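Undergrad: Quick one: the structure is below, and I'll ask about it shortly.
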Amino acid sequence: MTSSSPISGPGRPSPLAPEIADRLKRGADGLVPAIAQQYDTGEVLMLGWMDDEALHRTLTTGRCTYWSRSRQEYWVKGDTSGHVQWVKSVALDCDADTVLVKVDQVGAACHTGARTCFDADVLLAGDPAATGAPGTDQ
């Protein structure tokens, strides 16, 4: 399900609890990155974007809601595809500028149909120290 209205979108009033809203460090566009991670395996599934309203909906419905930067509307993961993200926990990072949502992912997380958005283009695999990669002591 997507929803869009003249009062929707980043920077608009939201019912997000003030004690959470006051801590969030948003980008100039009013958004924070939201990492979805499989709760039981630790697998990183995808990166989406949330504003205060999307975070509020995620916290109160038990399903991930994101802000689509391309469509300029909210979208609930799985409403169209059936690949639902059931929320298990939500945390802010130490700087309060990134949200980590641990989910139980049903089906693919990526719009390409892949389980995760991070399996198609691996830039480095294995132990960087063993390869002598930059930034290691090798």
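Positions 29 to 166 (this note's numbering) are the ones given, in order, by the sequence shown. The beta carbon of each residue, even a glycine, is placed where N, CA and C say it ideally should be. Keep in mind the model is a prediction, meaning the values are calculated, not measured.
List the endpoints of the continuous alpha helix (DSSP H) containing P46.
TA: Taken as a continuous stretch (DSSP letters only), the alpha helix (DSSP H) holding P46 covers P46 to A49.
Undergrad: Thinking C-beta only, is M74 closer than 7 angstroms to A82?
TA: Cβ distance not < 7 angstroms, so A82 and M74 don't count as in contact.
Undergrad: Pull up the distance between the alpha-carbon of L87 and that of A153, whole angstroms please.
TA: Using only the alpha carbons, I get a separation of about 34 angstroms.
Undergrad: Spatial neighbours of V112 within its chain, please: C-beta separation below 6 angstroms, excluding the five flanking residues on both sides.
TA: Answer for V112: G106 and V134, listed in chain order.
Undergrad: Starting from L83, trace the alpha helix (DSSP H) in both directions and tell me its first and last residue.
TA: Its alpha helix (DSSP H) spans residues D80 to T89.
Undergrad: For V115, I'd like the list of residues in its chain whose CB is within less than 7 angstroms of its CB, leaving aside the five on either flank, ordered along the chain.
TA: For V115, where only same-chain residues beyond five positions count, the Cβ hits under 7 angstroms are T86, G90, R91, C92, V129 and V131.
Undergrad: Please determine, among G58, S117, S109 and Y102, the residue with the shortest C-alpha to C-alpha distance to Y67.
TA: When only C-alpha atoms are compared, the closest one is S117.
Undergrad: Would you report the Cα separation of D50 and D121, rounded to the nearest angstrom?
TA: Rounded to the nearest angstrom, the two C-alpha atoms are 14 angstroms apart.
Undergrad: Note down the Cα distance separating W95 from D155, rounded to an integer number of angstroms.
TA: Each residue's alpha carbon lies about 35 angstroms from the other.
Undergrad: Compare the C-alpha of W77 against each of G70, A62, A136 and E71 and name the closest.
TA: Closest option to W77, Cα to Cα, is A62.
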